[in-house]
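Residue numbers (full-length UniProt numbering): 1 to 227.
Note that CB positions come from ideal geometry on N, CA and C, so glycine has one too.
Have a look at the structure below, then the notes.
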Amino acid sequence: MAELRRITTYPIKALDPFDRETGQITEEGVIEDDREYAILDRSADESYDPDTASVSGNGDYINGKRTAAVHRLRSTFDPEARTLMIRIQDETDAHTFDLDDRTELNAWLTDYFGRPVSVRRDASGHHDLRKRDISGPSVISTATLREVASWFPEIEIDSIRRRFRANLEIGGVPHSGRTGLLPTTVRLLPFASVMCDSKASNRANGVLFRYAIPTPEKRTTTFGRRS
């Protein structure tokens, strides 16, 4: 039987995940706190248009696609205090910053990256899906993560999980096949069958399916939401 095994948000785009017991879906259709903040490749006093800002890795946002230094940052989000604790991997010194007043955080990140950057907030969340009408919780199955991990014996499943950065992880279903998710109810969301081709990004009834995985051969992965 399909079951919701993990709810994960990414409060600061490109930084570490935040696992939670429950999640609130906002009016915009995303999980509260998910991608609410993003690191921009510009100083705090420089303007930008969030509707056209690039998230593809070639401008506007700091992310792992083009800035390898992101991968050395470890962070912990506190939703009650609205703070971010951040440190450099393999170093012990940690720094805690107020997310409501990001002056010190911006200064620290600017020093770390060696160029002016700033953390910007958008309460509607999902900076990276604006203007494409595909915002919504992203879904992957535990079986898919295990399948991908089996291709790379040197990589643990948690590393694969961090790579895919999905919001909802579903257990009790196979990693592929047209019958992978039959109509059922999974705590937060009711699911039905929707197919996603390899490397595709689709939206079905408010849930984002962008994790049909690249494999050595073409396959499809089935996820969905019942209307």
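Can residue i and residue j be called in contact, C-beta distance under 8 Å?
{"i": "Ile39", "j": "Val117", "result": "yes"}
{"i": "Tyr61", "j": "Lys13", "result": "yes"}
{"i": "residue 248", "j": "Pro17", "result": "The structure shown does not extend to residue 248, since the chain spans only 1 to 227, so no value can be given for it."}
{"i": "Thr9", "j": "Asp33", "result": "yes"}
{"i": "Ser150", "j": "Val173", "result": "no"}
Specify the secondary structure class of residue i as computed by DSSP and reduced to three states.
{"i": "Arg161", "result": "helix"}
{"i": "Thr9", "result": "strand"}
{"i": "Val117", "result": "coil"}
{"i": "Leu145", "result": "helix"}
{"i": "Ser138", "result": "strand"}
Exposed or buried, what is residue i when buried is set at 16 or more other beta-carbons lying within 10 Å of its beta-carbon?
{"i": "His71", "result": "exposed"}
{"i": "Pro137", "result": "buried"}
{"i": "Thr144", "result": "buried"}
{"i": "Gly114", "result": "exposed"}
{"i": "Ile157", "result": "exposed"}
{"i": "Phe97", "result": "buried"}
{"i": "Glu154", "result": "exposed"}
{"i": "Arg102", "result": "buried"}
Please report the distance separating the alpha-carbon of residue i from that of residue j.
{"i": "Met85", "j": "Phe77", "result": "7 Å"}
{"i": "Arg42", "j": "Arg165", "result": "25 Å"}
{"i": "Asp45", "j": "Thr110", "result": "13 Å"}
{"i": "Asp19", "j": "Arg6", "result": "7 Å"}
{"i": "Asp122", "j": "Gly171", "result": "31 Å"}
{"i": "Arg3", "j": "Glu169", "result": "Note on identity: in this sequence residue 3 is Glu, with Arg being the wrong assignment. In a straight line, the C-alpha of Glu3 is about 9 Å away from that of Glu169."}
Given 7 Å as the limit, tell me if residue i has its C-beta closer than that to any heavy atom belonging to the ligand COA.
{"i": "Val70", "result": "In terms of ligand content, the structure shown is empty, and the ligand COA therefore cannot be addressed."}
- Complete runs of the beta strand (DSSP E) confined to the stretch 28-112 [at least 3 residues]: Counting only runs of 3 or more, we get 37-40, 73-78, 83-88 and 94-98.
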